[in-house]
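2 protein chains.
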Amino acid sequence: MQRAVPSPPSCSSTSHCFPLNHRHTAACGSETAAQPQKHEVRAGSSPSDPSRMRSIVCFYICYALCLCLGLACVVCVCVWNSRWRGGFAWDGSALQFNWHPVLMVTGLVVLYGNGAVLYRIPLTWGHNKLPWKLAHAAVMLLAFVLSVVGICAVFDFHNVNHIPNMYSLHSWIGITATALFTAQWVFGMIGFLLPCTQIALRKFLKPIHVWFGSMILMLSIVACISGINEKLFFALKGNNNASQPYSNLPPEAVMGNSLGVLIVAFGLVVLKILSNHEWMRPDSRPEDGVYAPLLQEDND
Amino acid sequence: MQRAVPSPPSCSSTSHCFPLNHRHTAACGSETAAQPQKHEVRAGSSPSDPSRMRSIVCFYICYALCLCLGLACVVCVCVWNSRWRGGFAWDGSALQFNWHPVLMVTGLVVLYGNGAVLYRIPLTWGHNKLPWKLAHAAVMLLAFVLSVVGICAVFDFHNVNHIPNMYSLHSWIGITATALFTAQWVFGMIGFLLPCTQIALRKFLKPIHVWFGSMILMLSIVACISGINEKLFFALKGNNNASQPYSNLPPEAVMGNSLGVLIVAFGLVVLKILSNHEWMRPDSRPEDGVYAPLLQEDND
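Taken in sequence, the protein lines are chains D and E.
Here numbering that gives the first Met the number 0 is used: position 72 in the first sequence is 71, and no number is missing along the way.
Here numbering that gives the first Met the number 0 is used: position 111 in the second sequence is 110, and no number is missing along the way.
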């Protein structure tokens, strides 16, 4: 029913080709069905289309917001733990616990979110996909390593201080997010980086990978908010002269709550970018197919 | 570039027409551009298509899961508060507080989620849209009323017991979710129920309405999880003989944590249903347009 019109070769090799008007339904079901449509609309839109330019501008506004909110989250969580919680150490004390929020927010939220939207940047679309695929995997690996170190920080702190692990709802959700992230990274590497992976397996995996990507971010945000809320109740009991209770909203409470609001705002912006099909990376060359294995892309 | 083939009249008037194979990009950007595609693919798929049947079966599995998880959430939150928290009253005591989790989970999560997926049920697609539009609005209104009563329960309990309101991160996220839900309901009524609303305004509002629908559910889940986590830490301090501390994972803690897991699972299933464009309700009659005002639909 839909006629596939291949995009002109120049469009796949220049960085000025931003086919933002295409409708990509990859995440919605059969990607085979969606592919002809992508090339069709792409070939039919000219670079000077006002709607295309508007879409590019909208993307970069969202992306700038994503970068600024991510940076604000990292700054806030560092300032909170260094200024009000005494700083950092790795000695089993409360200072070791402070690595936990910093590494989880930086790894499982900010780096993860930025890694997820990497493919959406129109500036990268005219280039070979491989470096961006490797960059996506590398950012996600770094996010994963930070998250695992963040979890080790709290487990070690609990063990040294004879506090049970894994009893709170926060910990149940957080460990689920990290376990799913581990599975996502392993299946992502097997599915999209190993050259021996069958095209059919990539086709099957891609919508699942995209869907789980968003859901893991959602779980991370749920875990972070419940963790910050719990920490503020633990820390701000007001039972000594040095601290006011949480209910008085002292500066530390305002900082912690603001960090939570920033994390939620960052998550919403990332999920908005991920859900907008206009901003999905188009296929670089129709003849390669969407799921060209790594070695093929390497030779692009 | 895309040829719009109107669907046959029989397809718009029978309950056996489930055009599940269409690709609806309404939530992704310009709906005008997406519309021809919907009718095209719809007309091209026959009711006996294996992929269509598979899609219908998948939907009903997800929908059954959504109903079961929603019911399990309501049962769990009621059992938790009646068996372990002493039951319910409206007298300013802790028993009044117990209405808060019950009404928020039932209203802002379960009823809200079920109201959101109402349009996705294929059985409703062959029928006049108006009753389903009114049912969607009515379920959302009931969800809204329960949420407001749930918030009143905790504000009143705090005021009677001289506990400050609105200081925790949980309360900040929860009140934001409820405020956005209020705005969503008001703009939804103005945009989609009032007959005087311009078609152009509906076209503008629909993707925003769909997007905010999912985001409000996400915020509700974040608020619920942080609230359950906070409540379990407050309630299970283990400082009296009657209760064990949360860290010992007594039965109440397992019940509360399980409720949290069920809420997250329910939210993921609802978001999965909402994000699958194959399951979006197709236009009942192409000549009416997607955004036919209420009175037009009334006369269908």
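All C-beta atoms, glycine included, are put in the ideal place defined by N, C-alpha and C.
Every value quoted in this text rests on a predicted model; they were computed, and no experiment measured them.
Rounded Cβ spacing between residue i and residue j (contact assumed at less than 8 Å)
i, j, result
"GLY112(D)", "LEU216(D)", "6 Å"
"ILE224(D)", "VAL221(E)", "5 Å"
"SER246(D)", "ILE162(E)", "7 Å"
"LEU258(D)", "VAL109(D)", "Actually they do not touch by this definition, with Cβ atoms about 11 Å apart."
"TYR62(E)", "ILE272(E)", "7 Å"
"LEU117(D)", "VAL138(D)", "7 Å"
"TRP124(D)", "PRO281(D)", "6 Å"
"ILE172(D)", "LEU218(D)", "6 Å"
"ALA142(D)", "GLY187(D)", "With a Cβ gap of about 12 Å, ALA142(D) and GLY187(D) do not count as contacting."
"VAL153(E)", "HIS99(E)", "4 Å"
"PHE211(D)", "LEU179(D)", "7 Å"
Beta-carbon neighbours of residue i, restricted to chain D and to distances below 7 Å
i, result
"HIS169(E)", "ASN228"
"PRO163(E)", "SER246"
"ASN300(E)", "Residue coverage of chain E in this structure runs from 0 to 299, which leaves residue 300(E) outside it and unanswerable."
"PHE232(E)", "GLU229 and PHE232"
"LEU267(E)", "MET214"
Interface partners of residue i on chain E, CB under 8 Å
i, result
"PRO242(D)", "Reading the sequence as shown, one finds Ser at residue 242(D) and not Pro. What SER242(D) touches in chain E: nothing, since even the nearest Cβ is about 14 Å away."
"VAL153(D)", "None at all; the shortest Cβ gap to chain E is about 14 Å."
"VAL159(D)", "Going along chain E, no residue has its Cβ under 8 Å from VAL159(D), so there is no contact; the nearest lies around 15 Å."
"VAL185(D)", "Those do not exist, as VAL185(D) stays about 21 Å from chain E at its closest Cβ, beyond 8 Å."
Straight-line Cα distance separating residue j from residue i
i, j, result
"GLY237(D)", "CYS195(E)", "56 Å"
"PRO130(D)", "LEU66(D)", "21 Å"
"GLN243(D)", "ALA234(D)", "10 Å"
"ARG119(E)", "LEU107(E)", "19 Å"
"GLY86(D)", "GLY255(E)", "33 Å"
"SER274(E)", "ALA199(D)", "23 Å"
"LEU70(D)", "ALA252(D)", "20 Å"
"SER167(D)", "ASN228(E)", "7 Å"
"TRP184(D)", "ALA136(D)", "8 Å"
"ASN97(D)", "ASN80(D)", "6 Å"
"VAL104(D)", "VAL73(D)", "7 Å"
"ASN158(D)", "THR175(D)", "20 Å"
"ALA32(E)", "GLY190(D)", "The predicted model places ALA32(E) with a pLDDT of 32, which falls under 50 and marks its position as unreliable; any figure quoted below should be read in that light. Straight-line Cα distance between these residues: approximately 33 Å."
"CYS151(E)", "GLY226(E)", "16 Å"
"PHE156(E)", "ASN164(D)", "33 Å"
"VAL101(D)", "VAL263(E)", "24 Å"
"TRP89(E)", "ASN160(E)", "13 Å"
"PRO121(E)", "PHE265(E)", "20 Å"
"CYS57(E)", "TRP278(E)", "10 Å"
"ARG84(E)", "LEU94(D)", "36 Å"
"LYS132(E)", "HIS126(E)", "11 Å"
"LEU192(E)", "LEU267(E)", "28 Å"
"SER213(D)", "ALA182(E)", "25 Å"
"MET52(D)", "ILE207(E)", "20 Å"
"LEU140(D)", "ALA134(D)", "10 Å"
"GLY149(D)", "SER170(D)", "12 Å"
"ARG82(E)", "THR177(E)", "28 Å"
"GLN197(D)", "SER50(E)", "22 Å"
"VAL315(D)", "LEU261(D)", "Outside the shown range of chain D, which is 0 to 299, sits residue 315(D), and nothing can be said about it."
"VAL209(D)", "ASN239(E)", "48 Å"
"LYS128(D)", "ARG201(D)", "15 Å"
"HIS276(E)", "LEU68(D)", "29 Å"
"ASP48(D)", "LYS205(D)", "30 Å"
"LEU64(E)", "LEU64(D)", "36 Å"
Cross-chain neighbours of residue i in chain E, by beta carbon under 7 Å
i, result
"SER225(D)", "ILE224, SER225 and ASN228"
Proximal chain D residues relative to residue i, where beta-carbon distance stays under 8 Å
i, result
"GLY259(E)", "LEU168, TRP171 and ILE172"
"ALA252(E)", "TYR166"
"VAL144(E)", "Residues of chain D passing the Cβ test: none, with the nearest at roughly 25 Å."
Any non-hydrogen atom of the ligand MN closer than 7 Å to residue i Cβ
i, result
"LEU204(D)", "No copy of the ligand MN appears in this structure; indeed no ligand is present at all."
Chain-ordered neighbours of residue i on chain D, where CB pairs are closer than 9 Å
i, result
"VAL148(E)", "Per Cβ cutoff of 9 Å: no residues; VAL148(E) is ~23 Å from chain D at best."
Chain E contact residues for residue i, given Cβ-Cβ distances below 9 Å
i, result
"VAL138(D)", "The contacting residues do not exist; VAL138(D) stays about 23 Å from chain E at best."
Give, in chain order, every residue of the region 50-83 of chain D whose Cβ lies closer than 9 Å to some Cβ of chain E.
SER50 and SER54
Residues of the region 199-222 of chain D with Cβ closer than 9 Å to any Cβ of chain E, in chain order
TRP210, SER213, MET214, MET217, LEU218, ILE220, VAL221 and ALA222
Any alpha helix (DSSP H) of 4 or more consecutive residues that is wholly inside the region 86-111 of chain D
93-96 and 98-103
Contact residues within the region 88-115 of chain E, judged by C-beta distance below 7 Å to chain D
none
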